[in-house]
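Trainee: Just passing along the structure, written as structure tokens.
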Amino acid sequence: MLRGNAVKTVFYNENTQELEIPFDVLSKGVSYAEKNEFNSIKIINPIEKGSVGLDLTPLAGNNSISSVYIADDVNLNKVDLSPLYEMNAIKKITMQYLKGKIEFSKFSALETLYITKADSEIDILNVNGLKDLLLVSTKNIDCGFISNLKELESIRISSAKLKSLSGIESLCELKTLRITYCPSLLDISGVNKIKNLSHLYVEKCKGLTDFSFLSGNESIRDLFLSDVDSLAFIPSMKSIENIKFWNLKDGDMNFLFDAPTLKKVDFHPMKKNYTHKKDEINNIIGK
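When you read off a place in the sequence shown, starting at 1, and then add 107, the result is the number in this note's numbering.
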């Protein structure tokens, strides 16, 4: 907690390594961040609600802050977001998506974009140089809107309305894909067309338990599946090294012994219908 009336509510969060600044003292907070070399800030609501809204003007022309997080509960409906485009060192933005309010293509050096919720379907994203993308509670039903992000290396998608990943196959530099809690998602077969994809993580997507489409996959090394019907596809995966799961429906682990590249298997809990224990499998495949 900082001293002085003007910035008494500004707080450095050691866990997130962000300077949290209530927006009613944004100007003072930004000055403090600059003087003390804090390059990551989180803009939050004031402790006491007032009639004054968020004014981002103090960020215009800033040369030191590289990461800005605008908390989800900050009302952006009437906020001018253009000062964000004038930040010279900005590489990471975390904020909600409001259709027609924000143009991410105007950030010339953005590498990381975290969209924490969306009021409507997201328009096509054109952000040259973007490496890392997080999408939470988005409304798009496929991935066509991210198909132009050719330099993207990592995507995390959570609680989205996606039905398929159509469009993702064009992301030739993608290495990591993590999907969680997307109940409408039924088709992710496009991952087989991503030649550099080495890590795939699928958790609690109730429409995805049959992963036989991964048969013959050439690139995935690390695979996590919370729920999977059968592991029959594993032996044909060309690069698979590590697999982890929570629930194997048919319980048949024998397929794992026929995967020549497999190095480690992890699962929890052990269930009655499982044909082998974890240690038993790892001892055999490790020889």
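Idealized CB from N, CA, C, for every residue including glycine.
Source: prediction; values computed, not measured.
With respect to the alpha helix (DSSP H) encompassing V137, which residues constitute its N-terminal and C-terminal limits?
Mentor: Per DSSP, V137 belongs to the alpha helix (DSSP H) from L133 to K142.
Trainee: From N146 to I172, what does the alpha carbon distance come to, in whole angstroms?
Mentor: So the two alpha carbons sit approximately 4 Å from each other.
Trainee: Considering Cα atoms alone, identify which of L272, I391 and I264 is closest to G251.
Mentor: Ranking the options by Cα distance to G251, first place goes to L272.
Trainee: With a cut-off of 8 Å on the beta carbons, I'd call D187 and L205 a contact; round off their distance for me.
Mentor: D187 to L205, Cβ: 12 Å. No contact.
Trainee: Give the straight-line distance between the Cα atoms of I248 and S261, rounded to the nearest whole angstrom.
Mentor: Spanning the two alpha carbons is a distance of roughly 19 Å.
Trainee: How is the beta strand (DSSP E) around K370 delimited, first residue to last?
Mentor: It is not in any beta strand (DSSP E) - K370 carries neither H nor E in the DSSP assignment.
Trainee: Which whole-angstrom value is the C-beta distance of Q203 and T223, which I expect to be below 8 Å?
Mentor: Correct: roughly 5 Å between the Cβ atoms.
Trainee: Have a look at the DSSP bridge pairing and note the partners of P153.
Mentor: According to DSSP, P153 bridges with nothing at all.
Trainee: Taking a contact to mean a Cβ-Cβ separation below 8 Å, would you say L259 touches L240 in this structure?
Mentor: Yes, Cβ-Cβ distance for L259 and L240 is below 8 Å.
Trainee: Classify E125 as buried or exposed, calling it buried when 16 or more other Cβ atoms lie within 10 Å of its own Cβ.
Mentor: Result: buried.
Trainee: To the nearest angstrom, how far is the alpha carbon of N349 from that of D230?
Mentor: Distance between the alpha carbons of N349 and D230 is about 36 Å.
Trainee: For a test of the three-state rule: what should DSSP assign to Y192, helix, strand or coil?
Mentor: Helix.
Trainee: Three-state secondary structure (DSSP) at N120?
Mentor: Residue state, collapsed to three classes: strand.
Trainee: Could you pull the start and end residues of the alpha helix (DSSP H) that N390 belongs to?
Mentor: N390 -> alpha helix (DSSP H) spans K385 to I392.
Trainee: Report yes or no: do the stretch 381-391 and the stretch 333-349 share at least 3 C-beta pairs separated by less than 8 Å?
Mentor: Output reads no: the stretch 333-349 does not touch the stretch 381-391.
Trainee: Is it buried or exposed, C312, if we count other Cβ atoms within 10 angstroms and call 16 or more buried?
Mentor: Label assigned to C312: buried.
Trainee: Taking all protein chains shown into account, decide if A167 is buried (16 or more other Cβ within 10 angstroms of its Cβ) or exposed.
Mentor: Its Cβ having fewer than 16 others within 10 Å, A167 is exposed.
Trainee: Can you have a look at K185 and say buried or exposed, based on whether 16 or more other CB atoms are within 10 angstroms of its CB?
Mentor: With fewer than 16 Cβ atoms within 10 Å of its Cβ, K185 is classed as exposed.
Trainee: Count the other C-beta atoms from every protein chain shown that fall within 10 angstroms of the C-beta of P129, then say buried if there are 16 or more, exposed otherwise.
Mentor: Per the 10 Å Cβ criterion, buried.
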